[in-house]
Amino acid sequence: MTPAAIQPQPTTNWLPGGKPFIVGGPCSAETETQTVETARQLHATGKIHALRAGIWKPRTRPGQYEGAGEPALAWLRRAREETGLPVTTEVANASHVEACLEAGVDFLWIGARTTVNPFSVQEIADALEGVDVPVFVKNPVSPDIELWIGALERLDRAGVKKLGAIHRGFSSFDKGPFRNAPLWDLAIEMKTRVPNLPLLCDPSHICGNRELIPLVAQKALDLDMDGLMIESHITPDAAWSDAKQQLTPSSLSQLLSGLVVRERSSANEEFTDTLSKLRETIDGLDQDIMQRLAARMRIAGEIGAFKRDNNVTILQVSRWEEIIKTRSALGCAMGLDEGFVRDLLRLIHHESIRIQARVMNEVN
5 MTPAAIQPQP TTNWLPGGKP FIVGGPCSAE TETQTVETAR QLHATGKIHA LRAGIWKPRT
65 RPGQYEGAGE PALAWLRRAR EETGLPVTTE VANASHVEAC LEAGVDFLWI GARTTVNPFS
125 VQEIADALEG VDVPVFVKNP VSPDIELWIG ALERLDRAGV KKLGAIHRGF SSFDKGPFRN
185 APLWDLAIEM KTRVPNLPLL CDPSHICGNR ELIPLVAQKA LDLDMDGLMI ESHITPDAAW
245 SDAKQQLTPS SLSQLLSGLV VRERSSANEE FTDTLSKLRE TIDGLDQDIM QRLAARMRIA
305 GEIGAFKRDN NVTILQVSRW EEIIKTRSAL GCAMGLDEGF VRDLLRLIHH ESIRIQARVM
365 NEVN
């Protein structure tokens, strides 16, 4: 099955509430009082469409709080009874699925540590065969779009049609200020390859601290994601897991009020005409860029042949350092971001090396 063959129902067919769809709640269901009171306060904001809470908590290292387990499902039921909010929790194996289905959990999500393991995902898919329950799949810990789509495919093959994805960031050597690197390009790739799939963003796990959550949440909405999953706790600093990234219900309400929800398009004729002209200009510039890149690579091929004929190595470190220094300075002088220029140069250099290696190893 190709990625394009995943055909979950359109967003408007099954996501309750309007866009953006907001899921809020504690990282962990710690006690019945904490779970239910958090639900009450979130419901009182009028801005939450569903309640989330972790029941089974897979931790990176043993000895940390690993969740209340199956008894906490009764706490979720009570929270739903008192607030009317649909409830959701993470499942990692077939027994979790069976317990949630028996408890009437409204929808499920598969966590990043589980998505990375096709055996576990298949076990969950088998347990869900023939069951009409929505399932969201978080991106795998590793930045692997095929693993993410593959998990959705397994669920699709099991007959789960109410599918969604959650972008929660990726483990990366260079995280920057985040707990998990956002790698927005992979989220955009998911939207491109499976366009009808509801895609939420989990700013809590991307950020790892509450201060950055508004920035990430706004960017997610600006990228046309369908909603947000944000952790909220009545006393965040006393939370038994992930305390730094949780918000009080009132703080979450304030955050949501400050977000700008933009439209996908505009019916304004002037806007449409202007955007069309600007895009035509972009198209022309892109064509020029491709032509110049092609010309540059042809010259790289000639250099490779010249080095081969003179028995000289491909990599010339001093030349590469000179390119990085001079082109970065030039790009910055033209108003381009230095990091972007360096990344672009590395891609060009990589392709140039590849072409020279091919030319140097051709059999005459």
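For the sequence shown, my numbering assigns the number 5 to the initial residue and increments by one for each residue that follows.
In this text, a Cβ means the ideal position worked out from N, Cα and C, and glycines have one as well.
(1) How about Leu232 and Ala221: are their beta carbons less than 8 Å apart?
(2) Taking buried to mean at least 16 other C-beta atoms within 10 Å of its own C-beta, is Leu112 buried or exposed?
(3) Assign Val136 to one of two classes, buried (16 or more other C-beta atoms within 10 Å of its C-beta) or exposed (fewer than that).
(4) Which partner residues of Val198 appear in the DSSP bridge assignment?
(5) Which partner residues does Val141 have in the DSSP bridge list?
(6) What are the partner residues of Cys205, as DSSP defines its beta bridges?
(7) Excluding sequence positions up to five away, which residues of its chain have a Cβ less than 7 Å from the Cβ of Asp246?
(8) Does the beta-carbon of Val264 have 16 or more other beta-carbons within 10 angstroms, so that it is buried, or is it exposed?
(9) I'd like to know if the region 186-203 and the region 118-135 are in contact, where contact means that at least 3 CB-CB pairs between them fall below 8 Å.
(10) Assess contact between the region 284-294 and the region 61-76, defined as three or more Cβ pairs (one per stretch) separated by less than 8 Å. Is contact present?
(11) Can you list, in chain order, the residues of its chain whose CB lies under 7 Å from that of Ile26, leaving out five sequence neighbours each side?
(12) What are the start and end residues of the alpha helix (DSSP H) that includes Ala131?
(13) Residues in its own chain within less than 6 Å of His47 by CB, not counting five upstream and five downstream?
(14) Using C-beta distances below 6 Å, list every residue in its chain close to Ile114, excluding the 5 sequence neighbours before and after it, in chain order.
(15) Tell me whether Met338 is buried or exposed, calling it buried when 16 or more other Cβ atoms sit within 10 Å of its Cβ.
(16) Please give the ranges of any alpha helix (DSSP H) in the region 205-280, keeping only runs that are unbroken, at least 4 residues long and fully inside the region.
(17) Among Arg81, Ser146 and Pro122, which has the Cα closest to the Cα of Gly154?
(18) If Arg296 sits next to Gln249, beta carbons under 8 Å apart, how far is it from one beta carbon to the other, in whole angstroms?
(19) From Arg56, Glu106 and Ser356, pick the residue whose C-alpha is nearest to that of Ala299; which is it?
(20) Kindly indicate which three-state DSSP category Ala8 falls into: helix, strand or coil?
(21) With distances taken between CB atoms, is the gap from Thr42 to His209 smaller than 8 Å?
(22) Among the candidates Ser99, Leu80, Pro138 and Gly173, whose CA atom is the shortest distance from the CA of Pro156?
(23) Would you mind listing the beta strand (DSSP E) stretches within the region 283-328 that are 3+ residues and don't spill past its ends, in chain order?
(24) So, is Asp290 buried or exposed, given that buried needs 16 or more other C-beta atoms within 10 angstroms?
(25) In chain order, what residues of the same chain lie with their CB nearer than 7 Å to the CB of Gln13, ignoring the 5 residues before and after it?
(26) Using the Cα positions of Gln38 and Lys61, report the straight-line distance between them to the nearest angstrom.
(27) For Gly343, report the span of its alpha helix (DSSP H) as first-last.
(28) In chain order, what residues of the same chain have a beta carbon less than 6 Å from the beta carbon of Trp244, not counting five sequence neighbours either side?
(29) Just list the residues that DSSP pairs Gly58 with in beta bridges.
(30) What ranges does the beta strand (DSSP E) occupy inside the region 35-114, keeping only unbroken runs of at least 3 residues that lie completely in it?
(31) Roughly how many whole angstroms lie between the Cα atoms of Arg172 and Pro144?
(32) Ignore the nearest five residues each way along the sequence and tell me which others in Glu74's own chain have a CB closer than 6 Å to its CB.
(33) Just list the residues that DSSP pairs Ile26 with in beta bridges.
(34) Going by DSSP, what residues sit across from Ala185 in a beta bridge?
(35) Buried or exposed: which applies to Arg158, given that a residue is buried once 16 or more other Cβ atoms fall within 10 Å of its Cβ?
This is what the structure gives:
(1) Start at 1 with the first residue of the sequence shown, and residue 232 comes out as number 228. Start at 1 with the first residue of the sequence shown, and residue 221 comes out as number 217. One thing to note: Leu232 has its Cβ within 8 Å of the Cβ of Ala221.
(2) By 1-based counting over the sequence shown, the position of residue 112 is 108. By the neighbour-count definition (other C-beta atoms within 10 Å, threshold 16), Leu112 is a buried residue.
(3) Stepping through the sequence shown from its first residue, residue 136 is reached at position 132. The residue you asked about is not Val; residue 136 is Asp in the sequence shown. With a 10 Å radius around the Cβ and a threshold of 16 neighbouring Cβ atoms, Asp136 comes out exposed.
(4) As a position in the sequence shown, residue 198 is number 194, starting the count at 1. None; Val198 has no bridge partner.
(5) For the purposes of this step, residue 141 is identified with residue 137 of the sequence shown, where counting begins at 1. DSSP lists Ile114 and Ala169 as partners of Val141.
(6) Looking up residue 205 in the sequence shown gives position 201. Per the DSSP secondary-structure output, Cys205 pairs in a beta bridge with His171 and Leu232.
(7) The residue labelled residue 246 in the question sits at position 242 within the sequence shown. Closer than 7 Å at Cβ, skipping near neighbours: Cys31 and Glu235.
(8) Here residue 264 refers to the residue found at position 260 when the sequence shown is read from its first residue. Val264 sits exposed, since fewer than 16 C-beta atoms from the chains shown fall within 10 Å of its C-beta.
(9) Touching, no, given that fewer than three Cβ pairs across the two stretches are closer than 8 Å.
(10) No, they do not touch.
(11) As a position in the sequence shown, residue 26 is number 22, starting the count at 1. Same-chain partners within the cutoff: Lys51, Ile52, His53, Gly231, Leu232 and Leu260.
(12) Indexing the sequence shown from 1 puts residue 131 at position 127. Here the alpha helix (DSSP H) through Ala131 covers Pro122 to Leu132.
(13) Looking up residue 47 in the sequence shown gives position 43. Thr87 and Leu89, listed in sequence order.
(14) The residue you call residue 114 lines up with position 110 of the sequence shown. Only Val141 meet the Cβ criterion.
(15) Counting from one through the sequence shown, the residue named residue 338 turns up at place 334. Its Cβ having fewer than 16 others within 10 Å, Met338 is exposed.
(16) You should have 207-211, 217-226 and 253-262.
(17) Reading the sequence shown from its first residue, position 150 is the one you call residue 154. Check the Cα spacing between Gly154 and each of Arg81, Ser146 and Pro122: the tightest is with Pro122.
(18) Your numbering for residue 296 matches position 292 in the sequence shown. Your numbering for residue 249 matches position 245 in the sequence shown. Gln249 and Arg296 do not touch by the CB rule: their CB atoms are close to 45 Å apart, not below 8 Å.
(19) As a position in the sequence shown, residue 299 is number 295, starting the count at 1. Of the listed residues, the one whose Cα sits closest to Ala299 is Ser356.
(20) If you number the sequence shown from 1, residue 8 lands on position 4. Summary for Ala8: the model assigns pLDDT 46, below 50, so the residue's position carries little reliability, and this model does not support an answer.
(21) Mapped onto the sequence shown, residue 42 falls at position 38. Mapped onto the sequence shown, residue 209 falls at position 205. With contacts defined by Cβ atoms closer than 8 Å, Thr42 and His209 do not form a contacting pair.
(22) On the sequence shown, position 152 is the one that residue 156 refers to. The amino acid occupying residue 156 in the given sequence is Leu; Pro does not appear at that position. It is Pro138 whose Cα lies nearest to the Cα of Leu156.
(23) Those beta strand (DSSP E) runs which fall completely within the region 283-328 and span 3+ residues do not exist here.
(24) The sequence position of residue 290 within the sequence shown is 286, counting from 1. Answer is exposed; the Cβ neighbour count stays below 16.
(25) To locate residue 13, count along the sequence shown from 1; it is residue 9. Residue confidence is low: Gln13 scores 41 on pLDDT, short of 50, so the model does not pin down where it sits. No coordinate-derived value is stated.
(26) Mapped onto the sequence shown, residue 38 falls at position 34. Mapped onto the sequence shown, residue 61 falls at position 57. Between Gln38 and Lys61, the alpha-carbon positions lie close to 17 Å from each other.
(27) For this step, residue 343 is matched to residue 339 along the sequence shown. Residues Glu342 to Met364.
(28) On the sequence shown, position 240 is the one that residue 244 refers to. Ser32, Glu34 and Tyr69.
(29) Here residue 58 refers to the residue found at position 54 when the sequence shown is read from its first residue. DSSP, once it has assigned bridges, lists Ser32 as partnering Gly58.
(30) DSSP runs (the beta strand (DSSP E)) wholly in the region 35-114: 54-56, 91-95 and 111-114.
(31) Within the sequence shown, numbered from 1, the residue matching residue 172 stands at position 168. Within the sequence shown, numbered from 1, the residue matching residue 144 stands at position 140. Going from the Cα of Arg172 to the Cα of Pro144 covers about 9 Å.
(32) Indexing the sequence shown from 1 puts residue 74 at position 70. Excluding positions up to five away in sequence, the list reads Ala103.
(33) Within the sequence shown, numbered from 1, the residue matching residue 26 stands at position 22. Leu232.
(34) By one-based count along the sequence shown, residue 185 stands at place 181. According to DSSP, Ala185 shares a beta bridge with Phe174.
(35) Along the sequence shown, one-based indexing puts residue 158 at 154. Counting every other CB atom within 10 Å of its CB across the protein chains shown gives Arg158 a total of 16 or more, marking it as buried.
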